[in-house]
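The sequence shown runs 620 to 830 under this note's numbering.
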Amino acid sequence: MERRGDELVLRLGGYADADGHVGSAEADWGDGAPRFTLYRDGALAAERTSSVVGIDVDPTPGRYRAELNVRAPSLRLSTRRDITLEFTPAHADPDLTLPFTAIGFAPSLDLTNTAETHRTMQIPITLTSQGAASEVRTVGVEVSYDDGATWQKTPVSRHSGAWRTRVKNPARPGYVSLRGHVVNAGRGPRGVATRNAAGTGRPALCRPLGP
């Protein structure tokens, strides 16, 4: 994400695997285009059906919230991704790379991207920053076992600079969805939710990793 004068330029990837290969949110899964929405001070500022956008914005400071929603129910894993970013960009001259920290998850899965049922997993949390992002102040994670209908907080710990969370897999075969948020010092939250992030007890198709 960049601020170029009075234009916001956003390039938000849709998918990535454990080896860092990036997949585009523009890929046609037969479910329509991604939906991007930008709010300024709580009011709708722009809507697009793309994950790569350039939007002219007011030169005066304001509080922005960017949301990207990607749906792919035809896939076995990562059937839905919701990304939210909050920031206060001022007019930039020259261009400015906005400071952000993205959160992701790197669970230990087998070659079919499946974990054992009825097992407690320690899941490393990945934090990737761009621009002059400040120190991470807060990390939170939630888990869902019913495709995002309900969510439960999971314990998050930090040791030697590395963050991780603990998730209890269900006793029966199914799927686990993860939702995380990170807050940098002095800045607002941003988060990502991945539905059906991992399978338990049956095979899945792609390994999830945060944006």
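For glycine and all other residues, C-beta sits at the position ideal for the given N, C-alpha and C.
What's the gap between the Cα of L694 and the Cα of T679?
-> Roughly 42 Å separates the two Cα atoms.
Apart from the five residues just before and just after E751, which ones in its own chain have a Cβ nearer than 6 Å to its Cβ?
-> Residue 751 is actually Ala in this sequence, not Glu. Hits under 6 Å: P718.
M740 to D675 span [Cα, whole Å] | In this structure, the alpha-carbon of M740 lies about 44 Å from that of D675.
With DSSP collapsed to three states, give me the class of L717.
-> It is coil, neither helix nor strand.
For the stretch 726 to 764, which segments carrying the beta strand (DSSP E) assignment without a break, of at least 3 residues, lie completely within its bounds, in sequence order?
-> The stretch 726 to 764 contains these whole beta strand (DSSP E) runs: 739 to 749, 755 to 763.
T773 beta carbon less than 8 Å from that of T784 | For the pair T784 and T773, the CB atoms are nearer than the 8 Å cut-off.
Using a threshold of 8 Å, state whether the C-beta atoms of V755 and V801 are closer than that.
-> Remark: C-beta atoms of V755 and V801 approach each other more closely than 8 Å.
Which residue's Cα is closest to the Cα of H737: R791, D660, L797?
-> Answer by Cα proximity: R791.
Thinking Y764 and P743 are a contact (beta carbons under 8 Å), I'd like their distance in whole angstroms, please.
-> Between the beta-carbon of Y764 and that of P743 there is about 21 Å, and that puts the pair past the 8 Å contact cut.
Within 10 angstroms of the Cβ of P726, are there 16 or more other Cβ atoms? Answer buried if so, exposed if not.
-> Residue environment for P726: buried (at least 16 other C-beta atoms within 10 angstroms of its C-beta).
Taking just the CA atoms, how far does F724 sit from R684?
-> Whole-angstrom Cα-Cα distance: 23 Å.
When every heavy atom of the ligand GTP is checked, does at least one fall within less than 7 Å of the C-beta of Q741?
-> What this structure holds is no ligand at all, so the ligand GTP is not there to describe.
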